[in-house]
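Some notes on the structure that comes next.
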Amino acid sequence: MRRSVRLGRTAPGRSRGRLEGAPILANPLTLHRVHGLAGGAKLVTTAMPERLSASLVFMFGGGSRLEDKRHAGVSHFIEHLFFKGTQRRPTSKEIADAIEGIGGFINASTDKELTAYWTRVPAEHLALGLDVLIDIVSNSKLAPADVERERTVILEELRMYQDQPQEYVQNLFEEIMWPDHPLGRDIAGTEQSIAQLTRDDILEYANAHYRLPNLVMGAAGAMDESEMLSLVGKSLTLPADPDGQVVPQPPSDLNGPRVLLRRRRTEQAHICLGVRALNYLDPDRYVLDLMNTVLGEGMSSRLFLNIRERLGLAYDVHSFTQKHRDTGMLGVYLGVDPKNAAEAVRAVIAEMETLCDHELAGEELGRAKEFTKGRLRLELESTNSVSFWLAYQELLMGSIKTIDDEVALVDAVTAADVRRVAIDVLRAPIQMADNSSGANPCSRPMPQAGTARRGDGHRCRRRRRGSAASRQGAR
Numbered sequence: 421m422r423r424s425v426r427l428g429r430t431a432p433g434r435s436r437g438r439l440e441g442a443p444i445l446a447n448p449l450t451l452h453r454v455h456g457l458a459g460g461a462k463l464v465t466t467a468m469p470e471r472l473s474a475s476l477v478f479m480f481g482g483g484s485r486l487e488d489k490r491h492a493g494v495s496h497f498i499e500h501l502f503f504k505g506t507q508r509r510p511t512s513k514e515i516a517d518a519i520e521g522i523g524g525f526i527n528a529s530t531d532k533e534l535t536a537y538w539t540r541v542p543a544e545h546l547a548l549g550l551d552v553l554i555d556i557v558s559n560s561k562l563a564p565a566d567v568e569r570e571r572t573v574i575l576e577e578l579r580m581y582q583d584q585p586q587e588y589v590q591n592l593f594e595e596i597m598w599p600d601h602p603l604g605r606d607i608a609g610t611e612q613s614i615a616q617l618t619r620d621d622i623l624e625y626a627n628a629h630y631r632l633p634n635l636v637m638g639a640a641g642a643m644d645e646s647e648m649l650s651l652v653g654k655s656l657t658l659p660a661d662p663d664g665q666v667v668p669q670p671p672s673d674l675n676g677p678r679v680l681l682r683r684r685r686t687e688q689a690h691i692c693l694g695v696r697a698l699n700y701l702d703p704d705r706y707v708l709d710l711m712n713t714v715l716g717e718g719m720s721s722r723l724f725l726n727i728r729e730r731l732g733l734a735y736d737v738h739s740f741t742q743k744h745r746d747t748g749m750l751g752v753y754l755g756v757d758p759k760n761a762a763e764a765v766r767a768v769i770a771e772m773e774t775l776c777d778h779e780l781a782g783e784e785l786g787r788a789k790e791f792t793k794g795r796l797r798l799e800l801e802s803t804n805s806v807s808f809w810l811a812y813q814e815l816l817m818g819s820i821k822t823i824d825d826e827v828a829l830v831d832a833v834t835a836a837d838v839r840r841v842a843i844d845v846l847r848a849p850i851q852m853a854d855n856s857s858g859a860n861p862c863s864r865p866m867p868q869a870g871t872a873r874r875g876d877g878h879r880c881r882r883r884r885r886g887s888a889a890s891r892q893g894a895r
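Residue numbers (this note's numbering): 421 to 895.
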């Protein structure tokens with residue numbers, strides 16, 4: 421459903437919390453346009469004339485999921501190299517100066533299923549922002565000296581994250597959740613794979629993936645959409661033919677619950693536990709998101725109120741989801757005193773069991789819906805967020821939902837839906853990663869969520885951020 425709202429219209433009658441006489445601004449997602457370009461690329465635009473900025477993102481399908489083990493980290497490596505110089509702007513400083521010299525921002529991120537390059541600039545400089553993005557994705561030198569220098573930088577980046585327990589345990593958790601699969605590897609690769617990558621490997625991968633049919637651009641802000649379309653059409657020079665994209669392989673099924681332990685000298689036990697969950701195309705994903713909100717999003721969530729406020733076991737405890745095209749997960753992170761780890765894990769699993777055993781009260785479900793809808797609206801306040809929303813949905817999902825669409829789908833979820841999805845998801849085999857120097861939290865028996873269907877007990881074995889975790893580096 422699409423709805424147009426005139427800018428500057430004043431709310432009639434009762435304000436319902438809005439300041440009387442305040443203008444109602446157009447929902448930018450309602451007014452978006454999808455433009456098909458020559459060569460197969462797409463440009464999605466939405467004008468936000470009340471803003472002072474404009475944002476642009478170039479989003480390429482692929483990401484670390486399409487890498488084989490030997491080339492692990494090549495997508496992220498390329499993302500770094502594209503900022504090291506082009507034929508027109510030979511150094512990283514010249515690239516940065518072009519955008520920062522007008523007060524703008526430029527950066528990039530690599531994810532499991534995409535790589536994104538973006539800029540946010542004062543609206544009058546959008547043409548410059550477009551020119552710089554096109555330059556770095558089309559004309560980067562990928563000079564041998566830059567490859568060797570950036571190899572060292574990325575190795576240090578890997579070591580930095582290994583020294584951050586919360587990040588490290590997330591990597592372990594993904595490894596055990598998707599074993600022997602690209603989704604289970606660090607987006608940045610491994611020290612071994614980065615050390616082995618050659619410039620020829622990098623050029624071959626870039627030539628295969630940086631092509632027009634694999635590109636969706638999102639533009640949002642104070643701009644003339646027709647002018648933007650004309651500028652893109654004249655300037656974009658990537659190859660137009662597809663190059664035999666690798667078809668992603670789905671991960672294998674998990675054979676029972678497992679625990680992966682890595683001994684590290686830390687003050688806390690850093691633990692992630694969770695289950696395989698829904699993909700981003702599953703119609704029940706809205707139910708999953710509400711269930712996640714109830715379980716562990718915010719200070720009013722069950723995990724926070726029970727494990728932190730009532731039991732006093734953790735400072736940081738929260739749940740998160742991560743969704744991909746054909747799989748996903750729901751996880752819980754907690755940092756606790758090692759001697760309290762087993763008790764805390766049992767308390768987490770007990771909360772998961774409760775979601776399976778009992779329907780949510782109407783008041784709690786209503787709060788979760790308002791939380792979800794409110795966070796969505798707040799996240800889409802900036803032109804940068806809107807440009808990402810447009811490009812992400814068009815690239816990965818094939819269509820774009822407006823805020824009104826999303827709100828309607830959230831409002832349609834019932835308490836029975838939440839319990840149904842909880843039973844389906846939370847009674848899957850629990851996977852757990854533990855990064856600590858304490859006792860194994862699996863050394864005492866722990867229940868599996870949903871005892872009515874529990875079969876296997878936990879089997880202990882030795883061995884990232886929620887939602888779709890992307891490695892975004894400062895340039």
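Each residue gets a CB set at the ideal place from its N, CA and C atoms; glycine is no exception.
The model shown is predicted, which means the values in this text are computed figures rather than measured ones.
With Ala640 as the anchor, note down where its alpha helix (DSSP H) starts and where it stops.
Position 220 of the sequence shown, counting from 1, holds the residue named residue 640. Premise fails: Ala640 lies in the beta strand (DSSP E), Leu635 to Gly641, not in any alpha helix (DSSP H).
Does the distance between the C-beta of Pro659 and the nearest non-hydrogen atom of the ligand ATP fall short of 7 Å?
Looking at this structure, you won't find the ligand ATP or any other ligand, since it has none at all.
Could you give the C-beta distance for Arg696 and Thr741, rounded to a whole number, given that I count them as a contact under 8 Å?
Counting from one through the sequence shown, the residue named residue 696 turns up at place 276. Counting from one through the sequence shown, the residue named residue 741 turns up at place 321. About 11 Å separates the two Cβ atoms, so there is no contact after all.
Any idea which residues DSSP pairs His778 with across the strands?
By 1-based counting over the sequence shown, the position of residue 778 is 358. Answer is none; His778 lacks a bridge partner.
Can you check DSSP and say which residues form a bridge with Asp531?
The residue you call residue 531 lines up with position 111 of the sequence shown. Answer by DSSP bridge pairing: none, since Asp531 is not bridged.
Touching by the beta-carbon criterion (3+ pairs, under 8 Å), the region 502 to 513 and the region 460 to 471
The region 502 to 513 makes no contact with the region 460 to 471: fewer than 3 CB pairs, one atom from each, lie closer than 8 Å.
Kindly list the residues whose CB is nearer than 8 Å to the CB of Lys789, restricted to its own chain and excluding five residues on each side of it in sequence; keep chain order.
Position 369 of the sequence shown, counting from 1, holds the residue named residue 789. Hits under 8 Å: Leu710, Val830, Asp831 and Val833.
What is the rounded straight-line gap between the Cα of Leu785 and the Cα of Ala835?
To locate residue 785, count along the sequence shown from 1; it is residue 365. To locate residue 835, count along the sequence shown from 1; it is residue 415. Just so you know, the alpha carbons of Leu785 and Ala835 end up roughly 7 Å apart.
When you compare the CB positions of Val752 and Leu723, do they come within less than 8 Å of one another, or not?
Locating residue 752 in the sequence shown gives position 332, counting from the first residue. Locating residue 723 in the sequence shown gives position 303, counting from the first residue. In this structure, Leu723 lies closer than 8 Å to Val752 by Cβ.
For the alpha helix (DSSP H) holding Lys513, just list the boundary residues, first then last.
Locating residue 513 in the sequence shown gives position 93, counting from the first residue. Run containing Lys513: Ser512 to Glu520, per the alpha helix (DSSP H) assignment.
What does the alpha-carbon distance come out to for the pair Ala828 and Glu487?
Within the sequence shown, residue 828 is the residue found at index 408, counting from 1. Within the sequence shown, residue 487 is the residue found at index 67, counting from 1. The straight-line gap from Cα to Cα measures roughly 37 Å.
Put Tyr753 into one of helix, strand or coil per three-state DSSP.
As a working mapping, residue 753 is identified with position 333 in the sequence shown. Residue state, collapsed to three classes: strand.
What do you get for Thr465, buried or exposed, if any count of 16 or more other CB atoms within 10 angstroms of its CB means buried?
Residue 465 sits at position 45 when you count from the first residue of the sequence shown. Thr465 comes out buried.
Verify whether the separation of the beta carbon atoms of Leu457 and Leu656 is less than 8 Å.
Numbered from 1 along the sequence shown, position 37 holds the residue referred to as residue 457. Numbered from 1 along the sequence shown, position 236 holds the residue referred to as residue 656. The answer is yes: Cβ separation under 8 Å.
If you draw a straight line from the C-alpha of Ala811 to the C-alpha of Phe480, how long is it?
Within the sequence shown, numbered from 1, the residue matching residue 811 stands at position 391. Within the sequence shown, numbered from 1, the residue matching residue 480 stands at position 60. Going by the C-alpha atoms only, they are around 9 Å apart.
Do three or more CB pairs link the region 685 to 703 to the region 579 to 596 at distances below 8 Å?
Yes, since at least three Cβ pairs between the region 685 to 703 and the region 579 to 596 fall closer than 8 Å, the two stretches touch.
Would you kindly report the start and end of the unbroken alpha helix (DSSP H) that includes Met852?
Here the question's residue 852 lines up with position 432 in the sequence shown. It is not in any alpha helix (DSSP H) - Met852 instead sits in the beta strand (DSSP E) that spans Gln851 to Ser856.
Where does Tyr700 land, buried or exposed, given buried means 16+ other C-beta within 10 angstroms?
Translated into positions along the sequence shown, residue 700 becomes position 280. Taking all protein chains in view, the Cβ of Tyr700 is crowded by 16 or more other Cβ atoms within 10 Å, so the residue is classified as buried.
Could you round the C-beta distance between Asp837 and Val707 to whole angstroms and report it? I think they count as a contact, below 8 Å.
On the sequence shown, position 417 is the one that residue 837 refers to. On the sequence shown, position 287 is the one that residue 707 refers to. About 5 Å separates the two Cβ atoms, so the contact holds.
Does the region 532 to 546 come within contact of the region 638 to 646, defined as at least 3 CB pairs closer than 8 Å?
Note that the region 532 to 546 touches the region 638 to 646; at least 3 beta-carbon pairs, one per stretch, sit closer than 8 Å.
How is the alpha helix (DSSP H) around Ala626 delimited, first residue to last?
For the purposes of this step, residue 626 is taken as residue 206 along the sequence shown, with counting starting at 1. Residues Arg619 to His629.
Over what stretch of residues does the beta strand (DSSP E) that includes Ile691 continue unbroken?
Here the question's residue 691 lines up with position 271 in the sequence shown. Segment Ala689 to Arg696, the beta strand (DSSP E) holding Ile691.
Look up Thr834 in the DSSP assignment and say whether it is helix, strand or coil.
Against the sequence shown, residue 834 aligns to sequence position 414. Coil, per DSSP.
Identify whether Leu603 lies in helix, strand or coil by the three-state DSSP scheme.
As a first step, residue 603 must be located in the sequence shown, where it is residue number 183. Reduced to three states, the DSSP call for Leu603 is helix.
How would you write the range of the beta strand (DSSP E) that Arg579 sits in, first residue to last?
Residue numbering aside, residue 579 sits at position 159 when the sequence shown is read from its first letter. Boundaries around Arg579 are those of the alpha helix (DSSP H), Pro564 to Gln582, since no beta strand (DSSP E) includes it.
So the candidates are Val494, Asn726, Asp736 and Asn760; which of them puts its Cα closest to the Cα of Ala770?
Mapped onto the sequence shown, residue 770 falls at position 350. Comparing Cα-Cα distances from Ala770 to each of Val494, Asn726, Asp736 and Asn760, the minimum goes to Asn726.
By Cβ distance, which residues of its chain are closer than 6 Å to Met597, with the 5 residues on each side in sequence left out?
Translated into the one-based positions of the sequence shown, residue 597 becomes position 177. Excluding sequence neighbours, Met597 sits near Met749 and Gln851.
Straight-line CA distance for Gly718 to His738?
Translated into positions along the sequence shown, residue 718 becomes position 298. Translated into positions along the sequence shown, residue 738 becomes position 318. Annotation: Gly718 to His738 spans about 8 Å, alpha carbon to alpha carbon.
Rank Ala761, Pro758 and Arg847 by C-alpha distance to the C-alpha of Asp777 and give the top, closest one.
On the sequence shown, position 357 is the one that residue 777 refers to. When each option's Cα is compared against that of Asp777, the closest is Arg847.
CA-to-CA distance, Phe503 to Ser560, given in whole angstroms
Taking the first residue of the sequence shown as position 1, residue 560 is located at position 140. Taking the first residue of the sequence shown as position 1, residue 503 is located at position 83. CA-CA distance, Ser560 to Phe503, rounds to 8 Å.
Would you report the Cα separation of Val652 and Asp621, rounded to the nearest angstrom?
Along the sequence shown, one-based indexing puts residue 652 at 232. Along the sequence shown, one-based indexing puts residue 621 at 201. Straight through space, the alpha carbons of Asp621 and Val652 are spaced by roughly 29 Å.
Whole-Å CB distance - Leu592 paired with Leu680, under 8 Å assumed:
Numbered from 1 along the sequence shown, position 172 holds the residue referred to as residue 592. Numbered from 1 along the sequence shown, position 260 holds the residue referred to as residue 680. That belief holds up - the Cβ atoms of Leu592 and Leu680 are roughly 6 Å apart, short of 8 Å.
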